[in-house]
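J.: Handing you a structure now.
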Amino acid sequence: MKKTLIILSCSVLAMTACKNENKDSAETDIKETEEMAAKEEKEQSEWQELFNGENLDGWKAYNKDEISGQWKAENGAIVFTPSDEVKDPENLITEKEYENFELSIEWKISEGGNSGIMWAVQENEKYSEPYLTGPEIQVLDNERHPDAKNGLNRTAGALYDMVPPSEDVTKPAGEWNKEVIHIDHEKNIGWVKLNGTKVVEFPVHGEKWEEMVSNSKFKDWEDFGASKKGHIALQDHGNKVWFRNIKIKKL
Numbered sequence: 001m002k003k004t005l006i007i008l009s010c011s012v013l014a015m016t017a018c019k020n021e022n023k024d025s026a027e028t029d030i031k032e033t034e035e036m037a038a039k040e041e042k043e044q045s046e047w048q049e050l051f052n053g054e055n056l057d058g059w060k061a062y063n064k065d066e067i068s069g070q071w072k073a074e075n076g077a078i079v080f081t082p083s084d085e086v087k088d089p090e091n092l093i094t095e096k097e098y099e100n101f102e103l104s105i106e107w108k109i110s111e112g113g114n115s116g117i118m119w120a121v122q123e124n125e126k127y128s129e130p131y132l133t134g135p136e137i138q139v140l141d142n143e144r145h146p147d148a149k150n151g152l153n154r155t156a157g158a159l160y161d162m163v164p165p166s167e168d169v170t171k172p173a174g175e176w177n178k179e180v181i182h183i184d185h186e187k188n189i190g191w192v193k194l195n196g197t198k199v200v201e202f203p204v205h206g207e208k209w210e211e212m213v214s215n216s217k218f219k220d221w222e223d224f225g226a227s228k229k230g231h232i233a234l235q236d237h238g239n240k241v242w243f244r245n246i247k248i249k250k251l
């Protein structure tokens, strides 16, 4: 009998310990879930929309007072449709300037199309185009546009004419590509993720940056890439292009 009582006592203790252990485990799981949710909420709150999906508030035409009908908000995207009535290039830039940031954007290019996304753009009447000051991440139909035949550093995702993508992960013309552009002057690093793959990494200032510029078409452009802070630009290269889900996070 005594032996039986001892066995029953041990069983009760074991069951109690097991219940406590399960309770602790459940509480830990709940706590971890809450922490992950809070972290995700904080990360989401750090992002600011640059396009509200309805109009072009927060954007302006480069060196112009008004935006023509070439640039429109349609079906939740910023759409550029070239018009013969507009003779000069019409690039779109953010009204605000940014320095250290991560830009998330989706783009879709027309067949045979060319465009680009630039940063650190300086708006001034002495510059006719944003690319005279702002480095560009290429947007291109790699299959059909002739620029793709001029070197990998001119294909989609490249730091234009300076750093080629490590691989071609672009979707065909007419399909959406998701791109993240990371620019951090504090850590002196820039990188591009295209459709989830990091395809380009580069310094953003200093000796190595200057060396890249000196080996490119921009070597004699005095103000190219000279500013850390500036506007973000969407390029008019004469071809139809779409941009959507545009948001930015300051670093």
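Note that the sequence shown covers residues 1 to 251 in full-length UniProt numbering.
For every residue, glycine included, the Cβ atom is placed at its ideal position computed from N, Cα and C.
Bear in mind the structure is a predicted one, so any value in this text is a computation, not a measurement.
#1: Would the stretch 235-246 count as touching the stretch 188-199 if we require 3 or more Cβ pairs under 8 Å?
#2: Give me, in chain order, the residues of the same chain whose beta-carbon lies closer than 8 Å to that of P135; leave out the 5 immediate sequence neighbours on both sides.
#3: Can at least three beta-carbon pairs, one atom from the stretch 203-215 and one from the stretch 44-60, be found at a separation below 8 Å?
#4: Name the DSSP bridge partner or partners of R244?
#5: Counting along the chain, where does the beta strand (DSSP E) carrying M212 start and finish?
#6: Out of E175, D65 and V199, state which residue places its alpha-carbon closest to the alpha-carbon of H182.
#7: Answer with buried or exposed for G157, where buried requires no fewer than 16 other C-beta atoms within 10 angstroms of its C-beta.
#8: Taking D168 as the reference, give the member of V180, T155, E175 and K178 with the closest Cα.
#9: Counting along the chain, where does the beta strand (DSSP E) carrying L92 start and finish?
#10: Classify F136 as helix, strand or coil using the three-state DSSP reduction.
#11: Short check: CB of S68 to CB of V86, under 8 Å?
#12: Report yes if the C-beta distance between E54 and W71 is below 8 Å; otherwise report no.
#13: Under a Cβ-count criterion, where at least 16 other Cβ atoms within 10 Å of its own Cβ denotes burial, should D164 be classed as buried or exposed?
T.: A quick look at the data gives this:
#1: no
#2: M118, W119, A120, L159, Y160, M162, F224 and G225
#3: no
#4: A77 and E106
#5: Taken as a continuous stretch (DSSP letters only), M212 belongs to no beta strand (DSSP E), being part of the alpha helix (DSSP H) at G206 to S214.
#6: V199
#7: buried
#8: T155
#9: L92 to T94
#10: One point to set straight first is that residue 136 is Glu, not Phe, in the sequence displayed. Of the three classes helix, strand and coil, the one that applies to E136 here is strand, per DSSP.
#11: yes
#12: no
#13: Here the sequence assigns Pro to residue 164, which means Asp is not the residue at that position. Buried.
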